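Set out below in structure tokens:
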């Protein structure tokens, strides 16, 4: 199974809009096509000046005529005339000739300095050195510098940097494209009236959700009767939909009407039993070059099999954290079957101990829903006392 | 700000398809309309028998005629005739009259037992008590029992239980509906050619992504010039789109052309400065009853303000974990400004220490992108030696 999945690691790439790239993983270094910031701008609201003109202001306030105003807005400001000041807003372009911004807090109005309307003066109360409160063009990043490395899982702050660089698309790794196929003549769509012997197909919905939760994308879903030709047609359709991996449920045990086994065993599939409960029967095959992983039909076995055999690979590819594993004491004694690794459903109690939820039966899907961890009981262990420390896997 | 956001906690509810409910939170207890399992069925492939008929099999094998076969398929099996066996598949309905399933591993074929075609016999090698390998109807859950509790964040195993119960929709809490509005005449859409004084609008994309990452949904996005009437029109449109919260960027500092301040201050907005860097200027208002949170225009300040002031509330509502906080030693000395809480961008080095990334300037968006944590330097602290333990917030 592991070798079937290993081919998924080398990901094709695709371009996605920056706005849709949250959680995706960069496939290459991302260069900024512009410098950041793109132009020299003011870090504070205040006055753009020549530092030399206000050098003595801390000792004796310096009054400068205010000859204009620069807002954070399109357009190029006029160069600063030495001996004057220009009112400037945060983020606005610092005029040529100015080399410092005096924050408005370090100034006070000096009344009208000139004769004409609108000409004012400012009294600068504190000297500011060249460069103070000025953000130089390129001080964050030069044009052509890498703004994001490859292999980065994109959060909003990364998209901020990409968008600030004027980028609209990013080259990211494609998500793994998965098909989910439920098999079993007893299955009907959830919500349909149940005839005798019929049950709702839980695996279609739940395995698709598990695939998405593991960071992959579901490209195809189907439900088939115990009919080899119908299964073959749906696998062909999954392949046509670009599936890189098919997950089937049902049809792999020892009975008759085992449709996955019947189709895939002649093609070289491995169909067998893993010494675990729930989830013993398992299958792994390549169908026309497309990996197919076959899980048992009951939803508890299918969910657990997915968690144990497929989710770790998909999560790693998607840059998601692995399921957390913890060794904690049992709140109650456990008996288990020799020769099988049991994955008992449990919950952490208020004292941090593992409590069983429901029984070991692989049909207890409500019990699985009420659990938040799996208690692992190794093959050779048949009983454990309360207080014994067990390995648990968070769900 | 906190009081503005507190109203978001009481969530309206909506019905969503089970297939779309991954990660949503149940708004009420979910009852199963059917028992689970819905009918008595076989836990193993084998033979359905009367336990009494095979009671002595462990001592001396018992041979029973095999009079039929039950698959996991629609239809009602015929009742079992005492003294006979029926071949049965995992999950198939156990016939009336049968009370145990003997796994196929505990049997061997006994050749033809009758004269007619297809009539076979099975030799049972081991006694099985009544109930063994039989899953009773309702043994997981009775009809009408709660299959999911309220307030549950839905994972795939919960959807498995809902779908197994035949449910197609779930009542969940609505996600918080957020509008994101960038302000500033200097802003152009990322990817547009930049004229003098123009910069790409990074906040639109990045705050929308931050909202989604915090489990809320973006229902409205806009970018406005420094034009009060345009901003008013967009806030009205956001309200029309059902936004419960608007996040603006820009337009709240001390300069002229502060469009958020100009529109909202006359309506009673709080616009002021928080003693922090980056992100000092902040605004909070109710516009026609709709909360508006105003962040500074530069993307680093906006992202950090979102992380510190809004994300915790949205994450809690969405059932997402809070940002993890850790106290770790500094890898290098730090100087900071008195009177302001600094949130320095940093990274954890190979030895688990905090290393600074870029400088303290709030324009260093590429530096923020290269960071994976914030180093918190309290207001009163102006310098810290290498090795000093600091609080860090994971990004």
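Residue numbers (the working numbering), protein chains in the order written: chain A, 3 to 397; chain B, 3 to 397.
C-beta: ideal position from N, C-alpha, C; glycine also.
No experiment lies behind these values; they were computed from the predicted model shown.
Query raised in the report: When the distance is taken between beta carbons, is residue 66 of chain B closer than 7 angstroms to residue 20 of chain B?
Result: no
Query raised in the report: In chain A, which residues lie less than 7 angstroms from residue 142 of chain B when you measure between Cβ atoms?
Result: 365, 366, 367, 368, 369
Query raised in the report: Span of the alpha helix (DSSP H) holding residue 365 of chain B?
Result: No alpha helix (DSSP H) contains residue 365 of chain B, which DSSP labels as neither H nor E.
Report task. Confirm, please, whether the CB-CB distance from residue 346 of chain B to residue 332 of chain B is below 7 angstroms. Result -> no
Query raised in the report: Where does the unbroken alpha helix (DSSP H) through residue 248 of chain B begin, and where does it stop?
Result: Residue 248 of chain B -> not in any alpha helix (DSSP H); beta strand (DSSP E) instead, spanning 247-251.
Requested in this report: To the nearest angstrom, report how far apart residue 284 of chain A and residue 63 of chain B are at their CA atoms.
Outcome: 31 angstroms
Query raised in the report: Quick one: is residue 344 of chain B near chain A, going by C-beta distance under 7 angstroms?
Result: no
Report task. Would you list, in sequence order, the uninterrupted beta strand (DSSP E) runs of no fewer than 3 residues that lie entirely inside the region 187-256 of chain A? Result -> 219-226, 247-251, all fully within the region 187-256 of chain A.
Query raised in the report: Looking only at its own chain, which residues have a Cβ that is under 6 angstroms from the Cβ of residue 442 of chain A, when we skip the five neighbours before and after it?
Result: An answer regarding residue 442 of chain A cannot be provided, because it is not within the stretch 3 to 397 covered by chain A.
Query raised in the report: Hey, does residue 47 of chain A have any beta-carbon neighbour from chain B nearer than 7 angstroms?
Result: yes
**Report entry** Interface residues of chain B facing residue 305 of chain A [CB-CB closer than 7 angstroms]
**Finding:** Close partners of residue 305 of chain A in chain B (Cβ separation under 7 angstroms): 158, 159, 162.
**Report entry** Residues of its chain near residue 267 of chain B, where Cβ-Cβ distance is below 7 angstroms and the 5 sequence neighbours each way are ignored
**Finding:** Cβ neighbours of residue 267 of chain B within its own chain (closer than 7 angstroms, five residues either side excluded): 273.
Query - Cβ of residue 259 of chain A within 7 angstroms of any chain B Cβ - result: Residue-level contact by beta carbon holds for residue 259 of chain A and chain B, with a gap shorter than 7 angstroms.
Report task. Please name the residue, chosen from B:282, B:61, B:54, that lies closest to residue 82 of chain B on a Cα-to-Cα basis. Result -> B:54
Query - Residue range of the alpha helix (DSSP H) that includes residue 302 of chain B - result: 301-307
**Report entry** 7 angstroms Cβ cutoff, residue 278 of chain B in contact with chain A
**Finding:** no
Query raised in the report: With a CB to CB cut of under 6 angstroms and the five nearest residues on each side skipped, what residues in its chain are close to residue 369 of chain B?
Result: 347, 359, 360
Query raised in the report: Would a C-beta distance cut-off of 7 angstroms place residue 217 of chain B and residue 324 of chain B closer than the cut-off?
Result: Between residue 217 of chain B and residue 324 of chain B, the C-beta gap is not smaller than 7 angstroms, which leaves the two residues out of contact.
**Report entry** Under 7 angstroms from the C-beta of residue 170 of chain B: neighbouring residues of chain A
**Finding:** 192, 193
Requested in this report: Rounded to whole angstroms, what's the CA-CA distance from residue 18 of chain B to residue 160 of chain B? Just pull it up for me.
Outcome: 14 angstroms
Query - Through-space distance from residue 382 of chain A to residue 378 of chain B, alpha-carbon basis - result: 50 angstroms
Requested in this report: Can you grab the Cα-Cα spacing for the pair residue 356 of chain B / residue 350 of chain B, in whole Å?
Outcome: Roughly 5 angstroms separates the two Cα atoms.
Query raised in the report: Can you give the Cα-Cα distance for residue 130 of chain A and residue 101 of chain A, rounded to whole angstroms?
Result: 10 angstroms
Report task. Spell out the partners DSSP gives residue 184 of chain A in its beta bridges. Result -> A:225, A:251
Query raised in the report: Within the 7 angstroms Cβ cut-off, does residue 200 of chain B reach chain A?
Result: yes
Query raised in the report: What residue does the beta strand (DSSP E) around residue 263 of chain A start on, and which one ends it?
Result: Per DSSP, residue 263 of chain A belongs to no beta strand (DSSP E); it is in the alpha helix (DSSP H), 261-266.
Report task. Output, in sequence order along the chain, the residues in the region 75-108 of chain B whose CB is closer than 7 angstroms to any CB in chain A. Result -> For the region 75-108 of chain B, the residues whose beta carbon sits under 7 angstroms from a beta carbon of chain A are, in order, 75, 76, 77, 78, 91, 92, 93, 95, 106.
Query raised in the report: Is there at least one Cβ from chain B nearer than 7 angstroms to residue 10 of chain A's Cβ?
Result: no
Query raised in the report: Can residue 43 of chain A and residue 93 of chain A be called in contact, C-beta distance under 7 angstroms?
Result: yes
Query - Enclosing beta strand (DSSP E) for residue 283 of chain B [first to last residue] - result: Note, residue 283 of chain B: beta strand (DSSP E), 283-289.
Query raised in the report: Looking at the structure shown, is residue 339 of chain B part of a helix, part of a strand, or coil, going by DSSP?
Result: coil
Report task. Just grab the DSSP bridge partners of residue 71 of chain B for me. Result -> B:89
Query raised in the report: Where do the ends of the alpha helix (DSSP H) carrying residue 314 of chain A lie?
Result: 313-320
Query raised in the report: Got a sec: which bits of the region 291-303 of chain A sit with their beta carbon under 9 angstroms from any beta carbon on chain B, in order along the chain?
Result: For the region 291-303 of chain A, which is checked against every Cβ of chain B, the residues closer than 9 angstroms are 298, 299, 300, 301, 302.
Report task. Could you tell me whether the Cβ of residue 232 of chain B comes closer than 7 angstroms to any Cβ of chain A? Result -> no
Report task. Determine, using beta carbons only, whether residue 211 of chain B comes closer than 7 angstroms to chain A. Result -> yes
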